[in-house]
Every structure is written in C-alpha cells, then in structure tokens.
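S.K.: Please read through the structure below; I'll follow up with questions.
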Amino acid sequence: MKRTAFLLIGATVAFATVAAAEVIAPDDVVFNDDGSVSTSLTGVAGDTENGQKVMVTKSLGNCVACHQVTALDYAAFHGNIGPSLDGVGDRYDEATLRGIVINAKRTFKDSMMPPMYKTSGFIRPGDFKGHSVPNPPSILTAQQVEDVVAFLQTLK
Amino acid sequence: MKISNLHRLVQMAATASVAMGLAVSAHAQEEPKLIINGEQEMITHAIPPAYIDGLSESISGWVFRTKETQALELDDFDNPGMIFVDQAQELWDKEMGPENKSCASCHGDVSSMKGVRTVMPKFNEKAGELWTLEDYINDSLTTHMGMEPWGYTSTEMTAMAALIGNQSRGMPMNVAIDGPAAPYWAKGKEMYYTRTGVLELSCASCHEDNYGNYIRADHLSQGQINGMPSYRMKNAKLNGIHARFKGCVKDTKAETYKPGGPEFHALELYVASRGNGLSVESPSVRN
Chain A
4 MKRTAFLLIG ATVAFATVAA AEVIAPDDVV FNDDGSVSTS LTGVAGDTEN GQKVMVTKSL
64 GNCVACHQVT ALDYAAFHGN IGPSLDGVGD RYDEATLRGI VINAKRTFKD SMMPPMYKTS
124 GFIRPGDFKG HSVPNPPSIL TAQQVEDVVA FLQTLK
Chain B
101 MKISNLHRLV QMAATASVAM GLAVSAHAQE EPKLIINGEQ EMITHAIPPA YIDGLSESIS
161 GWVFRTKETQ ALELDDFDNP GMIFVDQAQE LWDKEMGPEN KSCASCHGDV SSMKGVRTVM
221 PKFNEKAGEL WTLEDYINDS LTTHMGMEPW GYTSTEMTAM AALIGNQSRG MPMNVAIDGP
281 AAPYWAKGKE MYYTRTGVLE LSCASCHEDN YGNYIRADHL SQGQINGMPS YRMKNAKLNG
341 IHARFKGCVK DTKAETYKPG GPEFHALELY VASRGNGLSV ESPSVRN
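For the record, the sequence lines run as chains A and B. Using our numbering, you'd call the opening residue of the first sequence number 4 and step up by one each time. Using our numbering, you'd call the opening residue of the second sequence number 101 and step up by one each time.
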C-alpha cells in the first residue's frame, strides 16, 4: 500500500518535471573542451535573487567562504581562498560560468573549488556529521546552478 | 609548494642578507613571540624535516590566532586548559582500580614523563603496532592497574594527555618515521593528500595550500598538532588530536574515521612529523 503511494508520487513528480523542462542530470552534463557548459541544465531562466541566497548560505553554495563579493557584503565574513568574484560577469561568458559552478576542476585543473553539481566519483562521501552517504545528492540542484550563474552574470 | 611560500623564501633570503649587515632579524620583529609565564619561549617557527616536501617552514597554530586568543596561552593562570591539567594531576596521584594503585605508584612524580610527548606516536615493539600517548595510558590502566580502558576521547583521557604533554612543554617535537614506523607514515601521508568527501578537499587543500588565508571567518593554520590537546573557545573544553581530525574530515562532507582507529594513528604520525622541531605547547589555546 505504502509502496504504491510512493510510486504514484514518484511518477507524478517525474511527469511534472518532464512537462516543465528536460533537467540534465549530473552524470549527463556535456562539458566543452575548455570546461564550459553551453546548455542550460533546466531550460528555465535563472533567478538572480535566489542565486544570491545560494551563494551566502552555508548549507548550499557557501561561495563567500572562499570568495569576496562586494555585492554580497551584507553577509559577514568573506574568505579569500579564491579570487574576488567582482567583475566575473565581464571576465567570463555564461557557458564558462556554468561550467565553473558545475565542476570547476574541468576549467581549472586540480582546483580546490568543490564541484556543485556532481553525484558520483567521490572518495568516502558523507554528510557534515561524518556519516557515510554512498549516493550523495549534488550540493546544488540544477535550478540553483542556473540561479547562481544568472547572478554571476550581473557582476560587472 | 604554494606560491606565497616562494615569496617567503625570497623574503627570508633578503632578511638574511640584511641581517648579515645589521645583525638584526627583521623576521623576528614582525612575529609575536610565545613566551609562557614570562620565562619559557616556545619554538613557533621551525625548518621542517627534509622529507616534508610541501612546507618550507613549520608554524605553530598559535601564530594564526587573534591577539586575544594568543594572550590566553601566555600565562598559565589565564589558560583555561590548565584547569584540566590540574584535574589530571589529582587523577595521577589517586589510587584506583582493584589493585589500588595510582600512576604515581609506579611512575613517581609526573615530571618523570618529561620528553614522552615529543616522540608520540611511536612504534611499540611489544604490541607490534604504532601507539599514541592515549594508547600508552590505556595500556597502563589495563595491564598495570587491572582497570577498564578510558574512552579514547574521554575527558579523563584528554586531560591526562594534557598533563603528560605539559611535562614536555617547550621541547621540540621529534617523532621517528623510519624503521617499523615507515609504513604508518606512508599511509598517513597518502591520507593527508587525498581529496575526500563531497567537497573533494584534502588536509593539504586547507592546511598546506591555504594556510594564512581565510575560509569564511576562519584563519587557516597549518593544522599542526604540537599544541595538542588544545582548549578550544568553540566548545570550552580540551580537544585531543583524533577528535580534531574527525571534525576536519566531517567538514569536507566525508565519512570520517574512528578516533583511536588505525587510520587516524597513521595520520597522526604523518601530521606530527610535519611539525618536528616545533615546541610542545600542551595544553594550547585555540578558537
């Protein structure tokens, strides 16, 4: 009984997603040679407001842990592990930014930047409590990646 | 080697040539000194052993803390970790277990433990494995006192490790990595450079490539263990080496290892060797 209900919900969600747009799964992302990703992961335009939120939230992108971003000064304590993201919308096009956010190691060899849209190929994946999570979800959802990319393009 | 290390080397070379002319080390003036109780100077900067290829200088975690946190380690009356050392001193003298023995019954004054911390972890011939200070304490409890072992990260254990470490305060760390310890060291080194977890970060990502930088509000140190156990403002207690390792592994969204387990033993030896030459600071104060 429970199982049927679960399957039903599953089917509805899947159907709704397909109806909205074709979401590209992490393992199906196609990278260009330079690490950029030309196709939107969702086909739905990114929401810059939500992109900002993702960037300052510790459990999500937590981008400010490593990057200074003047437009996000309202969130305290920006780190300096990576370069400032000010002007990044001038430096890179949309496809390059998408590639960096999805998996920066494709653009910058051995980058310390964590892959935001990746679900396989990890060594001892877990959660912030140290428990094993064999099939971890990606740090960001497909739409959150698009939201962040949209916000990064406004940094000019 | 990270780029700022290269800069540093160039700077050090420049300083050295100036020093030859003026007999003054500019470097020594820049950095605050860790002098405990106004009399005992700690070695906070050391040239790492030649087998450590990723560091040109080993630096104590104390150097990276704020002035306020640093100040707490300067005086034993201000150092909150010393409360636990005092508690462990009572435990040292207390008769316990079925045989009514205290640590002092066999070891006498705790000052007999001077130097012990500097060589931990070390290979124990009898057991045929690498032992940490905690393992030696538990071995005395079980084989010499007929007692149950203490929990590896328990309050008593960490306090006793601090008391025993405190006897070596100021002495340089000097762990052996050769002979039977070599395979442990090699395993620890591999662990240090392996990028684990969903964030794909290794110890080296933060503590070798980025020490001196900020990750959010945290000023990254080299992750040295010469100061262990350390009193942390964050949890207001003493923290042992493996407990700290566990916290750092968790932060990479990785499945952590068990404190006291074989992996952290190997990692402890490798990390200790990166700080050979730095003074034992037990108990240090960190945030």
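Quick reminder that beta carbons are idealized off the backbone N, C-alpha and C, glycines included.
Given B:Asn310, which residues of its chain have a CB within under 6 Å of its CB, disregarding the five upstream and five downstream residues?
M.R.: Contacts found: Leu320.
S.K.: Looking at C-alpha atoms only, which residue of A:Arg101, A:His81, A:Leu88 is the closest neighbour of A:Val32?
M.R.: A:Arg101
S.K.: The alpha helix (DSSP H) spanning A:Glu52 covers which residue range?
M.R.: 51-59
S.K.: With DSSP as the reference, label B:His145 as helix, strand or coil.
M.R.: strand
S.K.: Could you name the residues of the same chain whose beta carbon sits closer than 8 Å to that of B:Gln129, not counting the 5 residues immediately before and after it, in chain order?
M.R.: Only weak support is given to the placement of B:Gln129: the predicted model assigns it a pLDDT of 49, under 50, and the value that follows is read from those uncertain coordinates. Answer for B:Gln129: no residue qualifies.
S.K.: Please confirm if B:Asn339 has its CB atom under 8 Å from at least one CB of chain A.
M.R.: no
S.K.: Along chain A, which residues have their Cβ under 7 Å away from the Cβ of B:Leu299?
M.R.: Neighbours of B:Leu299 on chain A, chain order: Pro117.
S.K.: Applying the criterion that 16 or more other CB atoms from any shown protein chain within 10 Å of the CB defines a buried residue, is A:Tyr77 buried or exposed?
M.R.: Burial call: exposed.
S.K.: Residues in the stretch 117-132 of chain A with C-beta within 7 Å of chain B's C-beta atoms, listed in sequence order?
M.R.: Pro117, Pro118, Phe125, Ile126, Arg127, Pro128, Gly129, Asp130, Phe131, Lys132
S.K.: Establish whether the CB of B:Lys167 and some CB of chain A are separated by less than 8 Å.
M.R.: no
S.K.: Hey, would you say A:Ala153 sits closer than 8 Å to A:Gly49, going by beta carbons?
M.R.: yes
S.K.: Buried or exposed: which applies to B:Lys353, given that a residue is buried once 16 or more other Cβ atoms fall within 10 Å of its Cβ?
M.R.: buried
S.K.: Are the stretch 140-157 of chain A and the stretch 369-385 of chain B in contact at 8 Å, needing three or more beta carbon pairs?
M.R.: no
S.K.: Pick helix, strand or coil for B:Val219, following the three-state DSSP scheme.
M.R.: helix
S.K.: Just the Cα atoms here: how many angstroms apart are B:Ala261 and B:Leu241?
M.R.: 14 Å
S.K.: Leaving out five residues before and five after B:Gly297 in sequence, what residues of the same chain have Cβ atoms less than 7 Å from its Cβ?
M.R.: Thr352, Lys353, Ala354
S.K.: Let me know if B:Cys206 comes out buried or exposed under the rule of 16 or more other beta-carbons within 10 Å of its beta-carbon.
M.R.: exposed
S.K.: For B:Thr296, which three-state DSSP category applies?
M.R.: Strand.
S.K.: According to DSSP, is B:Ala119 helix, strand or coil?
M.R.: At B:Ala119 the pLDDT is 38, less than 50, meaning the model places this residue with poor confidence and gives no usable figure here.
S.K.: Run down chain A in chain order and give the residues with a C-beta less than 8 Å from the C-beta of B:Asp309.
M.R.: Met115
S.K.: From which residue to which residue does the alpha helix (DSSP H) around B:Asn335 run?
M.R.: Careful: B:Asn335 lies outside any alpha helix (DSSP H) and carries neither H nor E.
S.K.: Residues of chain A with CB under 9 Å from B:Lys222, in chain order?
M.R.: Going along chain A, no residue has its Cβ under 9 Å from B:Lys222, so there is no contact; the nearest lies around 28 Å.
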